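One structure below.
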Amino acid sequence: MSSESIDKIITNEEFLPLVQKASLEFFKIYNFFLSDSPEFTKKFYSNLMNESDHFEIFLDDHGARQNKAWTFFAELVASIRNFAIASFQLRHLIDRYPDYNTGESENEKNEFLAEANKTLNFFNESIKSLFNAADFEARSLNFGITKDKLGSEEFKEVAVNKRLPHNADEEIVRDEEERILELSRKYRKVSKIFREENLGKRRGDNELLDLIPLKIDEKKAQKIKNMVHGVQSDYDTYVKNTSIEKTNEHLKKLRGFISLPLHLMEMVRWLSHFYERHEDEIRKGEVKGKIASIIDKNILLDRIANFALYYSNIYLQKGNTITEKILTSYVKNIKYELPVPYPVGFHARPATYVSLIVNEHGTDVYLVINSQRFNAKSVLSIMEAGGLIADKGLKTVVFEGDKRVLDDIKILSEHNYCEECDIPRELNYVRILRNIA
Numbered sequence: 003m004s005s006e007s008i009d010k011i012i013t014n015e016e017f018l019p020l021v022q023k024a025s026l027e028f029f030k031i032y033n034f035f036l037s038d039s040p041e042f043t044k045k046f047y048s049n050l051m052n053e054s055d056h057f058e059i060f061l062d063d064h065g066a067r068q069n070k071a072w073t074f075f076a077e078l079v080a081s082i083r084n085f086a087i088a089s090f091q092l093r094h095l096i097d098r099y100p101d102y103n104t105g106e107s108e109n110e111k112n113e114f115l116a117e118a119n120k121t122l123n124f125f126n127e128s129i130k131s132l133f134n135a136a137d138f139e140a141r142s143l144n145f146g147i148t149k150d151k152l153g154s155e156e157f158k159e160v161a162v163n164k165r166l167p168h169n170a171d172e173e174i175v176r177d178e179e180e181r182i183l184e185l186s187r188k189y190r191k192v193s194k195i196f197r198e199e200n201l202g203k204r205r206g207d208n209e210l211l212d213l214i215p216l217k218i219d220e221k222k223a224q225k226i227k228n229m230v231h232g233v234q235s236d237y238d239t240y241v242k243n244t245s246i247e248k249t250n251e252h253l254k255k256l257r258g259f260i261s262l263p264l265h266l267m268e269m270v271r272w273l274s275h276f277y278e279r280h281e282d283e284i285r286k287g288e289v290k291g292k293i294a295s296i297i298d299k300n301i302l303l304d305r306i307a308n309f310a311l312y313y314s315n316i317y318l319q320k321g322n323t324i325t326e327k328i329l330t331s332y333v334k335n336i337k338y339e340l341p342v343p344y345p346v347g348f349h350a351r352p353a354t355y356v357s358l359i360v361n362e363h364g365t366d367v368y369l370v371i372n373s374q375r376f377n378a379k380s381v382l383s384i385m386e387a388g389g390l391i392a393d394k395g396l397k398t399v400v401f402e403g404d405k406r407v408l409d410d411i412k413i414l415s416e417h418n419y420c421e422e423c424d425i426p427r428e429l430n431y432v433r434i435l436r437n438i439a
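Per this note's numbering, residue 3 is the first one in the sequence shown, and the count goes up by one each step.
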């Protein structure tokens with residue numbers, strides 16, 4: 003016995019009144035866009051996100067994207083949603099920027115905000131162009147859009163200049179120092195990805211077309227964003243509203259350097275999503291070509307590379323410097339007496355390997371000779387110590403610092419600093435860093 007399909011095929015004429023009703027709130031926002039001097043607040047973008055999402059779901063549920071007549075219209079609505087999400091993230095970032103405690107100069111602040119507003123203006127123009135195309139396409143499909151519009155009062159943000167006192171009881175977190183060390187190490191992993199893959203470099207026009215998907219794509223942007231979100235979650239769970247947060251100036255600064263790249267990478271995710279799904283360089287097809295003709299891909303890629311990724315890297319590296327200070331302030335220093343590299347001492351190669359180990363962990367380590375301390379993060383400083391070691395004819399030397407770092411240097415010393423052998427498996431990261439350098 004055959005079962006009857008629950009899907010009912012409807013005609014275009016039957017679909018028109020349904021889509022007309024479903025599009026009301028969506029096109030009310032479009033009419034607001036066309037009004038004189040509209041104010042684009044975070045509340046506005048939130049509304050646009052929600053309405054475009056609802057409308058996109060309606061179109062998908064009714065098979066519009068798989069229908070030859072409606073597929074372009076459905077792609078336009080999806081594209082508007084992409085830019086609405088990116089715009090919401092950026093508007094939120096601009097609004098909250100003064101609270102992030104970045105310690106930047108006025109010139110740095112002004113430069114960032116100028117670039118942020120330039121990017122937001124591009125988003126607004128893109129949304130308007132996509133809306134215009136959706137309006138034209140709707141008319142060609144014989145459904146009239148509403149003339150009603152939402153008023154600016156519906157999107158006004160309430161200026162907050164009164165706050166309740168910050169007097170919540172300080173929370174007690176078990177093993178809080180270890181939690182702080184762990185979130186600092188997680189943060190450093192993200193900043194390391196940007197450094198090693200050179201994701202934050204300024205890119206010229208000739209380099210932009212190679213950006214997606216070769217250097218970054220939606221999947222990778224989402225992975226990085228999730229890593230940063232994990233750090234934020236750890237911070238809010240184990241550090242926020244604790245006595246240690248109030249007394250440690252580095253921790254209070256770090257929170258802003260978590261939020262900034264978090265919102266920027268969420269933007270990269272959705273802009274990459276748009277480019278991969280709707281740009282004809284990646285996905286060929288008539289509809290893709292139409293979408294690509296509406297949005298200037300060069301400006302889009304420029305904003306991804308030279309704004310979102312560039313500033314993600316700037317703030318991640320500044321945050322990385324803070325995490326190094328945090329790590330150093332919490333580690334318990336010990337001393338190891340280790341052999342000097344044989345036969346020629348701390349020349350360039352062993353000095354480089356030691357430096358790579360120390361910089362990977364982020365905490366301060368010193369090579370100590372009598373009362374003199376040499377910074378083991380610096381190859382030149384280690385080589386300077388090497389000269390003194392040679393003059394004194396020393397066979398062993400003292401390293402002082404975090405046990406985790408010294409343990410790795412000890413492994414290196416047990417292999418004579420890899421003067422005549424491969425880097426051991428336990429120090430595989432040193433091999434990777436050496437090859438990148």
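Using N, Cα and C, we set each Cβ at its ideal position, and we do this for glycine too. Keep in mind the model is a prediction, meaning the values are calculated, not measured.
Handout entry: DSSP beta-bridge partners of TYR368
Key = Here residue 368 refers to the residue found at position 366 when the sequence shown is read from its first residue. TYR368 pairs with ASN377, GLU402.
Practice task
Use the C-beta contact count for GLY2: other C-beta atoms within 10 angstroms, 16 or more gives buried, fewer gives exposed.
Solution key: This structure gives no information on residue 2, because the portion of the chain shown stretches from 3 to 439.
Problem - Length of the line joining the Cα atoms of ASN169 and CYS423 - result: Locating residue 169 in the sequence shown gives position 167, counting from the first residue. Locating residue 423 in the sequence shown gives position 421, counting from the first residue. Because ASN169 sits at a pLDDT of 48, beneath the cut-off of 50, its placement in the model cannot be relied upon, and the point is left open.
Practice task
Taking only the alpha-carbon atoms, compute the straight-line gap between ASN228 and LEU185 and give it to the nearest angstrom.
Solution key: Along the sequence shown, one-based indexing puts residue 228 at 226. Along the sequence shown, one-based indexing puts residue 185 at 183. Their Cα atoms are separated by approximately 13 Å.
Handout entry: Integer Cβ distance of LYS30 from THR148, believed to fall under 8 Å
Key = Translated into positions along the sequence shown, residue 30 becomes position 28. Translated into positions along the sequence shown, residue 148 becomes position 146. Yes, they are in contact, since the Cβ atoms of LYS30 and THR148 sit about 6 Å apart, within 8 Å.
Exercise for the section: Could you check which residue in ILE182, ALA294, ILE293, ARG271 has the C-alpha nearest to that of THR239? Expected result: Residue mapping note: residue 239 aligns to position 237 of the sequence shown, counting from 1. Ranking the options by Cα distance to THR239, first place goes to ILE182.
Problem - Best match in PHE348, GLY395, GLU199 for proximity to ALA378 [C-alpha to C-alpha] - result: Residue 378 sits at position 376 when you count from the first residue of the sequence shown. It is PHE348.
Exercise for the section: To the nearest angstrom, report how far apart VAL230 and VAL192 are at their CA atoms. Expected result: Numbered from its first residue, the sequence shown carries residue 230 at position 228. Numbered from its first residue, the sequence shown carries residue 192 at position 190. Between VAL230 and VAL192, the alpha-carbon positions lie close to 7 Å from each other.
Problem - Residue span of the beta strand (DSSP E) that contains GLU339, given as start and end - result: In the sequence shown, the residue the question calls residue 339 occupies position 337. GLU339 -> beta strand (DSSP E) spans 335-341.
Practice task
Within its chain, find whatever has a CB closer than 7 Å to the CB of VAL21; leave out the 5 residues flanking it on each side and keep chain order.
Solution key: Walking along the sequence shown from the start, residue 21 turns up at place 19. Only PHE145 meet the Cβ criterion.
Exercise for the section: Measure the C-alpha to C-alpha separation of LEU143 and LEU26 and round it to an integer number of angstroms. Expected result: For the purposes of this step, residue 143 is taken as residue 141 along the sequence shown, with counting starting at 1. For the purposes of this step, residue 26 is taken as residue 24 along the sequence shown, with counting starting at 1. So the two alpha carbons sit approximately 16 Å from each other.
Exercise for the section: Grab the span of the alpha helix (DSSP H) containing PRO445 for me, first residue to last. Expected result: Nothing about residue 445 can be read from this structure; the chain reaches only from 3 to 439.
Exercise for the section: Would you decide whether ARG427 is buried or exposed? Buried here means 16 or more other CB atoms lie within 10 Å of its CB. Expected result: For this step, residue 427 is matched to residue 425 along the sequence shown. ARG427 comes out exposed.
Practice task
Any chance you could list the alpha helix (DSSP H) runs of at least 4 consecutive residues sitting entirely within the region 33-68, in chain order?
Solution key: Entirely contained in the region 33-68, the alpha helix (DSSP H) runs reaching 4 residues are, in chain order, 44-63.
Exercise for the section: Using 10 angstroms around the beta-carbon of ALA161, count the other beta-carbons present and answer buried if the total reaches 16, otherwise exposed. Expected result: Start at 1 with the first residue of the sequence shown, and residue 161 comes out as number 159. Confidence is the limiting factor: at ALA161 the pLDDT is only 49, short of 50, which leaves the residue's position unreliable, though a coordinate-based value still follows. ALA161 should be labelled exposed.
Practice task
Assign ASP410 to one of two classes, buried (16 or more other C-beta atoms within 10 Å of its C-beta) or exposed (fewer than that).
Solution key: By one-based count along the sequence shown, residue 410 stands at place 408. So ASP410 counts as buried.
Practice task
For ASN418, I'd like the list of residues in its chain whose CB is within less than 7 Å of its CB, leaving aside the five on either flank, ordered along the chain.
Solution key: Mapped onto the sequence shown, residue 418 falls at position 416. So the list reads PRO343, TYR344, once near-sequence residues are dropped.
Practice task
Decide if the region 268-283 is in contact with the region 73-88; the criterion is three or more beta carbon pairs, one per stretch, under 8 Å apart.
Solution key: yes
Exercise for the section: Can you tell me which of ARG351, ASP63, LEU408, PHE90 puts its alpha carbon nearest to the alpha carbon of GLU268? Expected result: As a first step, residue 268 must be located in the sequence shown, where it is residue number 266. Minimum Cα distance to GLU268 is reached at PHE90.
Exercise for the section: Identify which residue in SER295, ASP212, PHE401, GLU247 has its Cα closest to the Cα of GLU178. Expected result: On the sequence shown, position 176 is the one that residue 178 refers to. Nearest of SER295, ASP212, PHE401, GLU247 to GLU178, Cα basis: GLU247.
Practice task
Buried or exposed for PRO19, please, with buried defined as at least 16 other CB atoms from any protein chain shown within 10 angstroms of its CB.
Solution key: As a working mapping, residue 19 is identified with position 17 in the sequence shown. That one is exposed.
Practice task
Let me know the beta strand (DSSP E) ranges lying completely inside the region 210-278, each 3 residues or longer, listed in chain order.
Solution key: none
Practice task
Check whether the region 297-314 touches the region 383-402, taking contact to mean three or more Cβ pairs, one atom from each stretch, closer than 8 Å.
Solution key: These segments do not touch.
Exercise for the section: Determine the extent of the alpha helix (DSSP H) in which PRO352 is found, giving its start and end residues. Expected result: Counting from one through the sequence shown, the residue named residue 352 turns up at place 350. Its alpha helix (DSSP H) spans residues 350-363.
Handout entry: Reduced DSSP category for CYS423 - H, G, I as helix; E, B as strand; rest coil
Key = Position 421 of the sequence shown holds residue 423. It is coil, neither helix nor strand.
Exercise for the section: Run the CB neighbour count on ASN315, radius 10 Å, all protein chains shown included, and call it buried at 16 or more, exposed below. Expected result: By one-based count along the sequence shown, residue 315 stands at place 313. ASN315 comes out buried.
Problem - Identity of the residue in GLY105, ARG406, GLN374, LEU382 nearest ALA399 by Cα - result: Along the sequence shown, one-based indexing puts residue 399 at 397. Contrary to the premise, residue 399 reads as Val rather than Ala in this sequence. Nearest of GLY105, ARG406, GLN374, LEU382 to VAL399, Cα basis: GLN374.
Handout entry: Beta-carbon separation (whole angstroms), ILE195 vs ILE226, contact threshold 8 Å
Key = Along the sequence shown, read from residue 1 onward, the residue named residue 195 stands at position 193. Along the sequence shown, read from residue 1 onward, the residue named residue 226 stands at position 224. Contact holds; Cβ gap of about 6 Å.
Practice task
Can you say whether PRO263 is buried or exposed, counting buried as having 16 or more other CB atoms within 10 angstroms of its CB?
Solution key: Translated into positions along the sequence shown, residue 263 becomes position 261. Buried.
Handout entry: Cut-off 6 Å between Cβ atoms - residues of its own chain near ALA2, not counting five sequence neighbours on either side
Key = With the chain covering 3 to 439 only, the question about residue 2 has no answer from this structure.
Exercise for the section: Note down, in chain order, each residue of its chain lying with its Cβ closer than 6 Å to the Cβ of LEU408, except the 5 sequence neighbours on either side. Expected result: Counting from 1 along the sequence shown, the entry for residue 408 is found at position 406. TYR338, PHE401.
Handout entry: Start and end residues, alpha helix (DSSP H) containing HIS94
Key = Here residue 94 is taken as the residue at index 92 of the sequence shown, counted from 1. Run containing HIS94: 73-98, per the alpha helix (DSSP H) assignment.
Practice task
Take GLY364 and list the residues in its own chain whose beta-carbon comes closer than 6 Å to its own, dropping the five residues that flank it on each side.
Solution key: On the sequence shown, position 362 is the one that residue 364 refers to. Excluding residues within five positions, the ones whose Cβ falls inside 6 Å are ARG190, GLU326, LEU329.
Handout entry: Cβ shell of GLN224 (< 8 Å), same chain only, five flanking positions each side left out
Key = By 1-based counting over the sequence shown, the position of residue 224 is 222. Excluding residues within five positions, the ones whose Cβ falls inside 8 Å are ARG271.
Practice task
Can you grab the Cα-Cα spacing for the pair LEU253 / GLN234, in whole Å?
Solution key: Along the sequence shown, read from residue 1 onward, the residue named residue 253 stands at position 251. Along the sequence shown, read from residue 1 onward, the residue named residue 234 stands at position 232. Near 12 Å, if we compare the C-alpha coordinates of GLN234 and LEU253.
Practice task
Tell me whether the beta-carbon of THR104 lies closer than 7 Å to the beta-carbon of GLY258.
Solution key: Taking the sequence shown and counting its residues from 1, one reaches residue 104 at position 102. Taking the sequence shown and counting its residues from 1, one reaches residue 258 at position 256. Contact: yes.
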